[in-house]
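Numbering (our numbering), first residue to last: 11 to 378.
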Amino acid sequence: ARLGFVQSGVLASQIRDELNLTQPDSIRRSVEENNPLAAMFMPESVSESTESAVTPTQSAAQETRTESANASSILLGRSVQFKPGDHINDIYEVHQALVGGMGEVYLCLNRQTNLPVALKSFQRRFMNSAQMRSLFEQEVATWISLGKHPNIVHCMHTVHVGDRPFAVLEWVVGEQDGITSLRDRLERGSLPVEESLRIALHICRGLIHAAEKQPGIVHRDLKPDNVLLASGGIARITDFGLAKVVTDDVSEVALNPTDFSKSNQGGTPLYMAPEQWAGGAIDARTDAYAVGAMLYEMLTGNKLFNADSRDELRHLHEQGAVPSISTVQEFTAEIDAVIQTCLAKDKSERYESIQALYEALHDIYRQV
């Protein structure tokens, strides 16, 4: 089977051809008619709120514009700093604003280059100290240092709006309507074996590249929401290092015991390795655990563990047996062995590196 890896320049060329990015009007239409960054900050309450605002007599195009406008106005009620039509630093024209539990992102047109970009930061309540802002900039600088790679969302530079820093990211064009992330794809059910392995291999390639550029780097928060699915079926990792920024600060936020969207250990509970739960030392094997959890979910369509509380979920990650992937008929034993190794409770029993995990996955992929 063919992995389908492409050089970032080729991918950029494909995106420009598809969107006719030489024409600003085409860019604006593409921005207005798509929601490519929603995967980063899924505002579920927004989509629910806007549904009733659209009348049955509106056309599909009108529905899209109305939902976008209503969503933006609702987001403004959630302390979003800019609204569509605003200009940030006289360079970035805002077309859409998105907000999630912690993050805030603006899909913009760069008026100097006529290219769409995303400006991303944490909400102001998480950036209320000079120390937090400095840490954010340090982590973004590390992300920038990774450069361009087909399996990593390119972080170009930072900009400041007052004293608040934003990461400037490339706009990732989704391959299918309504699917911009692995989370979107999983909402439609399990994935075929070949597609699951390919996405896992892409994630590994991005992590391997990151480790070559920054030895010892750990993503900390690999999850389906942080894996974007770009045009051409390319999986691309986003949010490198940003989980570290809120690791300390999130402890100030009252964590709902049934809210699995964030933690004060620098990860997302559903995909956190035992050492993260315990606040212990982390390394590449911690990311391998998350890759294993995502691979399990891709193949079965189910979360690795289901729990009613944060304490129960921690217990399952620390002591619970990893469920079998018996529902997958192809290469069950081989794939199950990889998943079991990734999800070993003791990280010394996992793959010693992402490269080793990649090679194990690739051996299976070649048989598909």
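The beta carbon of each residue, even a glycine, is placed where N, CA and C say it ideally should be.
| Asked | Found |
| --- | --- |
| Three CB pairs or more closer than 8 angstroms across the segment 215 to 223 and the segment 339 to 357 | no |
| Neighbourhood of ARG195 by C-beta distance below 7 angstroms, restricted to the same chain and skipping five residues each side | ILE189, LEU201, LEU239 |
| Alpha-carbon spacing of ALA170 relative to LEU232, whole angstroms | The residue asked about is misnamed: residue 170 is His in this sequence, not Ala. Each residue's alpha carbon lies about 27 angstroms from the other. |
| PRO160 in three-state terms, based on DSSP | coil |
| Start-end ranges of the alpha helix (DSSP H) lying completely within the segment 272 to 341, minimum 4 residues | 284 to 287, 294 to 310, 320 to 329 |
| PHE136 (DSSP reduced to helix, strand or coil) | helix |
| LEU217 - containing beta strand (DSSP E), residue span | Counting along the chain, LEU217 falls outside any beta strand (DSSP E), though it belongs to the alpha helix (DSSP H) covering 203 to 223. |
| Start and end residues, alpha helix (DSSP H) containing ALA370 | 364 to 375 |
| Burial state of GLY289 (16 or more Cβ within 10 Å) | exposed |
| Bridge partners - ASN120, DSSP secondary structure assignment | TYR102, LEU125 |
| Best match in THR123, MET308, ARG121, VAL228 for proximity to SER363 [C-alpha to C-alpha] | VAL228 |
| Separation of SER334 from THR351, as counted between CA atoms | 13 angstroms |
| LEU119 beta carbon near the ligand SAH (any heavy atom closer than 7 angstroms) | The ligand content of the structure shown is nil, which means the ligand SAH is not present either. |
| Per-residue DSSP class, three states only, for ARG193 | helix |
| Sufficient close CB pairs (3 or more, under 8 angstroms) joining the segment 161 to 177 to the segment 145 to 152 | yes |
| CB of SER155 within 8 angstroms of CB of GLN224, strictly | yes |
| Cα-Cα separation between ALA300 and VAL338, rounded to whole angstroms | 20 angstroms |
| Distance between GLY172 and ASN316 (C-alpha atoms, nearest Å) | 43 angstroms |
| Distance, GLU204 Cα to GLU185 Cα | 17 angstroms |
| According to DSSP, residues forming a beta bridge with LYS355 | None, per the DSSP bridge assignment. |
| Closest Cα partner of GLU322 within the set VAL237, TRP287, VAL182, ALA245 | TRP287 |
| Those residues which DSSP pairs with HIS167 across a bridge | VAL178 |
| Own chain, CB closer than 7 angstroms to ASP302, minus 5 neighbours either side, in chain order | It should be noted that the sequence gives Gly, not Asp, for residue 302. Here the set comprises ILE349, CYS352, LEU353. |
| For GLU185, the residue or residues it bridges with in DSSP | Per DSSP, none; premise fails for GLU185. |
| Helix, strand or coil at VAL228 according to DSSP, with G and I counted as helix | coil |
| Under 8 angstroms between C-beta atoms of VAL8 and LYS130 | A question about residue 8 goes unanswered here, because the residues of the chain that appear run from 11 up to 378. |
| Identity of the residue in PRO160, LEU125, MET112 nearest ASN138 by Cα | MET112 |
| Cut-off 7 angstroms between Cβ atoms - residues of its own chain near GLN365, not counting five sequence neighbours on either side | ILE218 |
| Range covered by the beta strand (DSSP E) that runs through ARG198 | Unbroken run through ARG198: none, as it is neither H nor E. |
| Close beta carbons around LEU211, own chain, < 7 angstroms, minus the five adjacent residues each side | LEU13, TYR368, LEU371, HIS372, TYR375 |
| Close beta carbons around ILE213, own chain, < 8 angstroms, minus the five adjacent residues each side | ASN161, LEU232, VAL237, ALA245, ILE247, VAL301, MET304 |
| Rounded separation between ARG360 and THR278 - CA only | 20 angstroms |
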